[in-house]
Every structure is written in C-alpha cells, then in structure tokens.
Amino acid sequence: MRIPNGSEVMKFSKLYAPTTKDAPKDATLPSHQFLVRGGFISQVGSGLYNFLPMGKIVFDKIKDVVKQEMDETGAQEIQMDVVTPADLWKESGRYDVFGKELCRFKDRKENEFVLGPTHEEVVVDIVRNRINSYKQLPLHLYQITTKFRDEARPRFGLLRCREFTMKDGYSFHEDEVCMKKEFDVMEKTYTKIFTKLGLDFRAVDADSGAIGGSGSKEFMVLAQNGEDDIVVCQSCSYAANVEAAKRAPKTTSVEAPVASFSKFKTPDMKTIADVCHFFKADAFYSIKAVVKKAIYVDKEEVIVFFVRGNDELQEVKALNACGALDLADASAEELEKVGLKAGFIGPVGLECVKFYIDLELKEAKNLICGANEVDYHYVGVEMFNFKEERYADLASVQAGDCCGCCGASMYVTKGIEVGHIFQLGQKYAKAMGATFLDKNGKAQPFYMGCYGIGVSRLVAVMIEASHDEKGCVWNKQTAPYLLDIIVSNVKDEAQSAYAEEIYTALKKERLSVLLDDRNERFGFKMKDYELIGLPYALIVGKELEEGFVEIVERKTLEKSIVKKEDAFSKLKELLS
RNA sequence: CGGGGUGUAGCGCAGCCUGGCUAGCGCGCUACCUUGGGGUGGUAGAGGUCGCGUGUUCGAAUCACGUCACUCCGACCA
C-alpha cells in the first residue's frame with residue numbers, strides 16, 4: 000500500500016517478490032543478477048523487462064527525484080506519444096540517418112510510423128505555429144516516458160534495453176545566449192539530481208552523436224562495468240568521454256630522425272613497428288594510416304585517416320571529420336580497387352582517395368610515412384602544403400596523455416552514461432520550419448537545447464554503484480522500503496506480536512517498512528534481506544524473551560542490540 | 001552487421017555424438033510430519049506439445065533441412 004507521502008508499507012507474505020538463489024546464466028553484471036534474483040524485474044524478451052512491485056517502487060522514487068528538480072527549474076511536464084508519424088522524421092531528415100535502431104512500422108492503412116527513440120521532432124511540432132513571438136520564450140517542456148530503440152545487441156539487463164524510460168526535456172530560446180543559460184541551469188540541475196541519488200558521477204565533455212548540435216555534456220557514473228571510456232585529469236576538473244576528449248599536443252624527448260626528404264626501399268615492412276625499427280626512429284615520428292569505408296546516405300567511399308604512429312584513431316572523431324553516417328572496416332580488395340597499397344600508405348602525393356590528417360601532425364617535421372608505392376617509405380617528411388580542411392582532431396586520447404587545460408597527466412576510467420545535455424542550436428527548428436518573430440519582427444528558427452536522463456537505467460546504476468557479494472545495498476533515497484522487520488520464528492507469539500506492534504507504529508509515522516511475517520526459517524529470511532538490500536533490518540528473535548532485539552545496517556551488516564522498548568525511537572531516528 | 005552457442009518441468013541442467021524400456025536429476029512448488037538464529041531433515045505428490053515445421057526411418061528429444069526465439073564475443077550504441 001502506498002501511504003500519502005509516497006513511501007510504502009507491506010507484509011512480505013503478501014508481497015510479490017519472487018526471489019531466487021540462482022541468477023539467469025546470461026546475467027553477468029551485479030545489477031542484472033541482483034535485480035532479477037531479488038524479484039525487482041523480470042525479462043520478457045530480448046532487451047525487454049517488466050518491473051515487479053519493488054522494481055516499480057524504486058523506479059517511481061527515482062522518477063520523483065527527477066521530476067521534483069525539473070519542476071523546480073520551471074520546466075513543464077508533458078507527455079508525447081511513443082508512436083510518431085514517420086513524416087515528422089522525414090522532415091528533420093533523421094528518418095534516413097538514424098539507422099536500424101529506429102523501429103519503423105506501418106498501420107493498416109499503410110501509413111508509416113516510428114517508435115520514438117527520442118522526441119525532438121515531435122516537440123518541435125508541438126510548439127511550431129503556436130509559439131510565434133520572442134515574448135513567449137524561453138520555454139522548456141519535458142516528459143518521463145517510454146522510448147524504444149531497436150538495439151543491435153541488448154544486454155546487461157536494464158543497462159542496455161530496447162524499451163526503456165527516459166526523462167527528455169527540450170528548451171526553446173530566442174538566441175544562443177539564452178540557450179546556453181538554460182544549458183548551464185540543466186547542468187546544475189542534473190548535478191543536484193545525481194547528488195541526491197547518492198551517485199559518484201562526473202559531468203564530461205561528449206560527442207553529440209545522432210542528436211546533433213554543438214556543445215554537449217554527458218553525466219557519467221563512475222563504475223567498473225561502464226560501457227564508456229572517460230578521460231579524467233588527475234589535477235584539474237577536466238573530464239571527457241574518450242570520443243570527444245582533447246589533450247595537450249603529444250611530445251617526445253626522443254631525438255628526431257633528422258633527414259632530408261627522400262624515398263627508401265623498405266621491403267615487406269608493413270607495420271609501424273617494422274618501419275620504425277628499420278629506421279631506428281621512435282613511433283612518434285611516423286605516420287599511421289587507418290583506412291575506413293565511410294557510409295553515406297547515397298554512397299560508400301574509402302577514406303584514409305592519418306595519425307601519429309604511436310596514436311590510435313578515434314572512430315567517432317573520424318566519423319565527425321568526414322560527416323559520414325557510419326564507418327566500417329575497409330577490406331583488402333576495396334583498398335586495392337582505389338589504388339591504395341596496404342602497409343605503404345602516406346599523405347604525400349596521395350591523390351586517389353579522400354584523406355584526413357590529425358591536427359597534431361600539422362607542420363610536424365622529420366616524419367616517416369608510406370610512399371604509396373609497394374615496399375617504399377619516405378623519410379624527412381614535413382607536413383606543409385596540405386589544405387586546411389584536411390586537418391581534424393582524429394587521435395584517441397590515451398592514459399598518460401597531458402591535460403589540455405592544466406598539463407597534468409590524465410587517466411582513463413569506465414563510466415555509465417546516465418544523463419546527456421545538448422545545445423542543439425537551430426538544427427531542428429530550421430529543418431522543420433519552426434520560427435518565431437524576434438524583436439525586429441523578423442522570422443527566426445528557435446534555438447533549442449535538449450536534456451536526457453536514463454530513468455530506468457538508473458535503477459540498475461544504483462545497484463551497479465552499490466552492492467556487495469550478497470546482494471543489493473540500497474540507499475535511503477531509492478530503497479523500495481527502508482526497513483525489513485524480520486520475525487525469526489512466526490510461531491512464537493511474542494515475536495509476532497512485538498513485530499506487528501512496531502510495524503504498525505512505524506506505519507503510523509509514515510515510515511516505509513516491510514514486515515517479513517512469512518513462515519520461513521531465520522536463515523532463509525536473512526538471505527532474502529541481504530539480497531533485497533533494504534537499508535536496515537530489525538531482527539525480532541530469541542533475545543526478545545530477555546527484552547532485546549537487533550538492528551542491522553545493510554551497508555556494513557553490523558548488528559547492534561537494543562532494548563525492545565528503545566527500538567521504536569531508535570528506528571524512527573534512523574529512518575527519518 | 002560479422003562470428004559462435006543454446007532451446008528438454010517455474011529456474012539451472014543431463015540425455016543427443018552411437019535413434020529403441022514409462023524422458024531423468026538438482027533447486028523450487030503442494031500436503032503432512034520434523035526443525036526453529038544463517039536457505040533444517042523426512043515421507044508422499046503435482047508438474048513436460050523435448051522451441052516450431054518438414055523430411056529420413058518400422059521407430060526421432062536424438063539424424064537432415066528449414067524456421068523462430070534466446071544468448072555469447074566483436075562491431076555498433078542520445
């Protein structure tokens with residue numbers, strides 16, 4: 000039963016929480032195992048999960064935190080349809096761009112629809128022709144609803160589902176300054192939300208992917224099992240997703256292989272290691288060629304990306320540089336077809352394909368690179384005379400690289416994305432013809448921002464961030480109940496009566512408690528308690544005869560013995 | 001999308017290679033007894049279109065082909 004302040008009380012004998020000893024065999028992550036074993040969620044199909052009663056309570060609690068903070072900023076909650084006419088997606092141009100993750104279908108009249116993976120198009124449709132003056136701006140609308148993305152490979156339980164719940168907000172502004180202001184408000188708001196949830200997180204610079212726009216920041220919960228690599232500075236506050244990370248230009252103390260420009264025979268030396276060994280040069284002074292097949296809406300094209308020999312290509316950066324929809328590995332045949340000599344590719348004199356060069360190679364000297372001729376390399380290469388547009392940030396920042404802000408060493412860690420905020424600019428408003436009249440009476444496309452939080456994912460993140468080998472360790476903010484009253488032996492009337500009494504008293508105080516009144520053995524109930532992981536337990540057992548009960552803290556599993564008449568006030572203090 | 005694997009009771013699995021008794025085991029479930037501070041012990045039970053389809057065969061969970069679902073590694077992923 001849900002009592003008025005939003006907390007819950009329940010008797011375990013009535014609770015639908017099918018706990019199990021065994022986890023599904025595909026559950027590899029703690030959050031997946033414990034949420035299934037603890038009876039919070041159940042899988043219904045690939046990437047599709049049901050929320051059982053306790054999972055639903057946790058979900059609602061997280062949702063409440065998000066909603067409260069959003070409302071605080073003046074954003075207004077709405078609800079958009081999950082089913083969206085495909086025409087809107089064609090208008091924005093994303094119908095072709097979004098790829099197979101966008102689930103498309105037709106109704107009985109053969110009209111095309113999509114299941115919304117995000118709602119920029121719909122929200123623009125909501126405001127266009129209705130907001131028509133700068134006087135009506137800014138405006139921020141948000142929703143907390145179902146999204147569907149047909150993931151290529153759903154996995155990790157709630158962390159990578161096909162159907163999931165997200166809080167997505169969209170703001171409209173008359174100019175960039177106002178948009179940026181809201182962006183900052185959202186950064187602060189998200190910080191409040193994740194702090195309230197008790198998570199260890201960082202706001203990091205990010206790539207904006209298929210959503211588009213210029214500035215974007217991701218909120219990453221630091222967790223070993225994260226899917227994203229984050230670059231973090233050891234000394235200053237700089238942190239970024241590796242897809243967008245910047246660094247101070249790489250340097251080396253190793254002496255340069257000074258030489259005048261010339262061509263050398265390098266038989267069968269196809270790797271950086273081979274070539275550098277041959278010339279006795281550090282890989283820093285070589286140029287690595289990475290060949291990719293870029294996929295565009297209407298064509299495919301082989302493109303070469305050049306980075307330093309001791310760097311790696313960052314694929315997302317490469318993708319952004321060439322503006323393709325996707326990059327795939329190029330096959331040996333494809334290289335041959337366009338005239339590339341695998342193992343001997345270099346930027347000098349390269350004319351048969353489009354290519355990009357990492358920014359850090361600009362104006363570099365004394366380099367070694369392929370001569371675009373089998374078994375030959377150039378030495379003494381100087382990077383001049385390439386067109387400006389050839390240069391782009393392409394290299395992947397690695398652990399040990401120096402921070403671009405303060406120069407200190409940076410390290411790489413794993414994170415789980417729980418929020419992402421974007422400055423969209425006029426991208427969608429322009430594409431969809433959504434304008435307002437500015438102060439000068441001129442029609443302008445809206446400036447937009449968009450802000451997402453993975454609400455259902457957070458249910459799993461809470462556990463990923465807080466568990467032990469026995470099960471979940473919920474904090475008070477998100478626990479399904481705050482306390483489990485464990486009756487050691489329900490056949491002992493004194494124990495049952497005492498437990499019932501304290502349960503009723505706490506219920507009156509509107510504290511969220513669970514009473515384990517099941518006719519099960521003590522060990523069985525304790526295992527369930529530890530698995531479910533409520534913040535506290537009250538054990539009503541054999542010491543009751545002597546006038547004592549025990550309070551257990553889940554986090555430490557420490558037990559403290561208290562007099563039975565002191566338990567109520569002690570618990571009231573702990574749970575409030 | 002590329003490469004593997006699996007599908008037999010609610011869950012976890014054996015049986016399949018080498019076709020043939022009534023398809024088993026553990027956990028869970030039901031009833032009774034037992035026990036009552038760490039998933040107690042016992043007795044008796046219930047529960048299965050062997051994913052689906054076609055084929056081979058006297059006979060298919062077992063072999064072949066097809067199909068669907070789930071899943072693992074990788075790629076991908078607001």
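Going by numbering that gives the first Met the number 0, the residue at position 181 of the first sequence is 180; the numbering climbs one at a time, nothing skipped. Note that CB positions come from ideal geometry on N, CA and C, so glycine has one too.
Span of the alpha helix (DSSP H), counted from its first residue to its last, around ASP70: Numbered from its first residue, the first sequence carries residue 70 at position 71. Where ASP70 is concerned, the enclosing alpha helix (DSSP H) stretches over 52-71.
message: So the candidates are ILE560, GLU350, CYS321, VAL301; which of them puts its Cα closest to the Cα of SER330?
response: Your numbering for residue 330 matches position 331 in the first sequence. Cα-wise, what sits closest to SER330 is VAL301.
- prompt: From ASP565 to ALA498, what does the alpha carbon distance come to, in whole angstroms?
  reply: Counting from 1 along the first sequence, the entry for residue 565 is found at position 566. Counting from 1 along the first sequence, the entry for residue 498 is found at position 499. C-alpha separation (whole angstroms): 14 Å.
query: Under three-state DSSP, which class holds GLY98?
result: As a first step, residue 98 is located in the first sequence; it is residue number 99 there, counting from the start. GLY98: helix per DSSP, three-state reduction.
- request: May I have the straight-line CA-CA distance separating SER12 from GLU529, to the nearest angstrom?
  value: For the purposes of this step, residue 12 is taken as the residue at position 13 of the first sequence. For the purposes of this step, residue 529 is taken as the residue at position 530 of the first sequence. One C-alpha to the other measures close to 17 Å.
field: Counted within 10 angstroms of its Cβ, other Cβ atoms place ARG553 as buried (16 or more) or exposed
entry: Working through the first sequence from its first residue, we reach residue 553 at position 554. The residue in question, ARG553, is buried, as its Cβ has 16 or more Cβ neighbours within 10 Å.
message: Quick check: what's the CA-CA separation for LEU393 versus LEU358?
response: What you label residue 393 is simply residue 394 of the first sequence in a count that begins at 1. What you label residue 358 is simply residue 359 of the first sequence in a count that begins at 1. Answer to the nearest angstrom: the Cα atoms are 7 Å apart.
- request: Could you tell me which of TYR450, ALA433, GLY448, CYS449 sits nearest to ALA442, measuring between CA atoms?
  value: Residue mapping note: residue 442 aligns to position 443 of the first sequence, counting from 1. When each option's Cα is compared against that of ALA442, the closest is ALA433.
- prompt: Which residues in the same chain as THR265 place their Cβ atom closer than 7 Å to its Cβ, once the five residues preceding and following it in sequence are excluded?
  reply: Walking along the first sequence from the start, residue 265 turns up at place 266. The answer, listed in chain order, is VAL274, PHE277, ASP374, TYR375, HIS376.
- prompt: ARG159 lies in the beta strand (DSSP E); which residues open and close that run?
  reply: For the purposes of this step, residue 159 is taken as the residue at position 160 of the first sequence. That residue, ARG159, is in no beta strand (DSSP E); it is neither H nor E in DSSP.
- prompt: Based on Cα-Cα distance, which residue from GLY379, ARG148, GLY348, VAL548 lies nearest to LYS386?
  reply: Residue numbering aside, residue 386 sits at position 387 when the first sequence is read from its first letter. It is GLY348.
field: Cβ shell of VAL57 (< 6 Å), same chain only, five flanking positions each side left out
entry: In the first sequence, counting from the first residue as 1, residue 57 sits at position 58. Taken in chain order, the residues that qualify are VAL458, THR477, PRO479.
query: Hey, out of GLU90, CYS449, ALA244, LYS507, whose CA is closest to LYS179's CA?
result: Numbered from 1 along the first sequence, position 180 holds the residue referred to as residue 179. Closest option to LYS179, Cα to Cα, is CYS449.
query: When burial is assigned at 16 or more other CB atoms within 10 Å of the CB, is GLY5 buried or exposed?
result: Taking the first residue of the first sequence as position 1, residue 5 is located at position 6. For GLY5, the predicted model reports a pLDDT of 47, less than 50, meaning its position is unreliable; a value from the coordinates is still stated below. The residue is exposed, with fewer than 16 neighbouring Cβ atoms inside 10 Å.
Counterpart residues of HIS581 in DSSP-defined beta bridges: This structure cannot speak to residue 581, because the chain is shown only from 0 to 575.
task: For PHE383, name the three-state secondary structure that DSSP assigns.
output: In the first sequence, residue 383 corresponds to position 384, counting from 1. It is coil, neither helix nor strand.
query: Smallest Cα separation from GLU68: which of ASP106, PRO52, THR190, ASP21?
result: To locate residue 68, count along the first sequence from 1; it is residue 69. Nearest C-alpha to GLU68: THR190.
Straight-line gap, PHE343 to CYS402 (C-alpha atoms, nearest Å): Locating residue 343 in the first sequence gives position 344, counting from the first residue. Locating residue 402 in the first sequence gives position 403, counting from the first residue. Each residue's Cα considered, the two are about 33 Å apart.
- prompt: What number of angstroms, rounded off, separates the C-alpha of VAL8 from the C-alpha of CYS160?
  reply: Along the first sequence, read from residue 1 onward, the residue named residue 8 stands at position 9. Along the first sequence, read from residue 1 onward, the residue named residue 160 stands at position 161. Cα-Cα distance, rounded: 30 Å.
- prompt: Secondary structure at ALA459, three-state DSSP: helix, strand or coil?
  reply: Reading the first sequence from its first residue, position 460 is the one you call residue 459. Here ALA459 sits in helix by DSSP.
field: Among GLU254, TYR237, LYS262, LYS340, the one whose alpha carbon lies nearest that of LYS269
entry: What you label residue 269 is simply residue 270 of the first sequence in a count that begins at 1. When only C-alpha atoms are compared, the closest one is LYS340.
- prompt: CB-CB under 6 Å to GLU181, same chain, minus the five flanking residues each way: which ones, in chain order?
  reply: Counting from one through the first sequence, the residue named residue 181 turns up at place 182. So the list reads SER170, GLY448, once near-sequence residues are dropped.
- request: Please work out which residues of its chain come closer than 8 Å, Cβ to Cβ, to ASP328, disregarding the five sequence neighbours upstream and downstream, and give them in chain order.
  value: To locate residue 328, count along the first sequence from 1; it is residue 329. Once the five neighbours on either side are set aside, the close Cβ partners of ASP328 are LYS291, LYS292.
Residues of its chain near VAL81, where Cβ-Cβ distance is below 8 Å and the 5 sequence neighbours each way are ignored: On the first sequence, residue 81 is found 82 positions in, with the first residue counted as 1. Answer for VAL81: LEU114, GLY115, THR144, THR145, LYS146, PHE147, listed in chain order.
message: I'd like to check one pair, VAL561 with ILE485: are the Cβ atoms closer than 8 Å?
response: Locating residue 485 in the first sequence gives position 486, counting from the first residue. Locating residue 561 in the first sequence gives position 562, counting from the first residue. No, Cβ-Cβ distance for ILE485 and VAL561 is not below 8 Å.
field: Local Cβ density within 10 Å of PHE104, reported as buried at 16 or more and exposed below that
entry: Looking up residue 104 in the first sequence gives position 105. So PHE104 counts as exposed.
task: Give the secondary structure of TYR141 by DSSP, where H, G and I count as helix, E and B as strand, and everything else as coil.
output: Along the first sequence, read from residue 1 onward, the residue named residue 141 stands at position 142. Strand.
- prompt: Does DSSP put THR190 in a helix, in a strand, or in coil?
  reply: If you number the first sequence from 1, residue 190 lands on position 191. DSSP places THR190 in helix when its eight states are reduced to three.
message: For the beta strand (DSSP E) containing THR503, name the first residue and the last one.
response: Taking the first sequence and counting its residues from 1, the one referred to as residue 503 is at position 504. No beta strand (DSSP E) contains THR503, which is instead part of the alpha helix (DSSP H) from 492-507.
message: Is the beta carbon of SER30 closer than 8 Å to that of LEU157?
response: As a working mapping, residue 157 is identified with position 158 in the first sequence. As a working mapping, residue 30 is identified with position 31 in the first sequence. Yes.
message: With the cut-off set at 8 Å, would you say VAL380 and PRO256 are in Cβ contact?
response: Along the first sequence, read from residue 1 onward, the residue named residue 380 stands at position 381. Along the first sequence, read from residue 1 onward, the residue named residue 256 stands at position 257. Not in contact: VAL380 and PRO256 (Cβ atoms no closer than 8 Å).
message: At the level of alpha carbons, what is the spacing between ASN474 and LEU537?
response: As a working note, residue 474 is residue 475 in the first sequence. As a working note, residue 537 is residue 538 in the first sequence. The alpha-carbon atoms of ASN474 and LEU537 are separated by roughly 17 Å.
message: Rounded to the nearest angstrom, what separates GLY470 and PRO153 at their Cα positions?
response: Mapped onto the first sequence, residue 470 falls at position 471. Mapped onto the first sequence, residue 153 falls at position 154. Their Cα atoms are separated by approximately 23 Å.
- prompt: If you draw a straight line from the alpha carbon of VAL43 to that of ASN49, how long is it in whole angstroms?
  reply: By 1-based counting over the first sequence, the position of residue 43 is 44. By 1-based counting over the first sequence, the position of residue 49 is 50. Cα-Cα distance, rounded: 7 Å.
query: Nearest to LYS187 by alpha carbon, out of ALA202, ALA320, GLU173, GLY197?
result: Numbered from its first residue, the first sequence carries residue 187 at position 188. Considering only alpha carbons, the answer is ALA202.
query: ILE415 and ALA222: beta carbons closer than 8 Å?
result: Along the first sequence, read from residue 1 onward, the residue named residue 415 stands at position 416. Along the first sequence, read from residue 1 onward, the residue named residue 222 stands at position 223. In contact: ILE415 and ALA222 (Cβ atoms closer than 8 Å).
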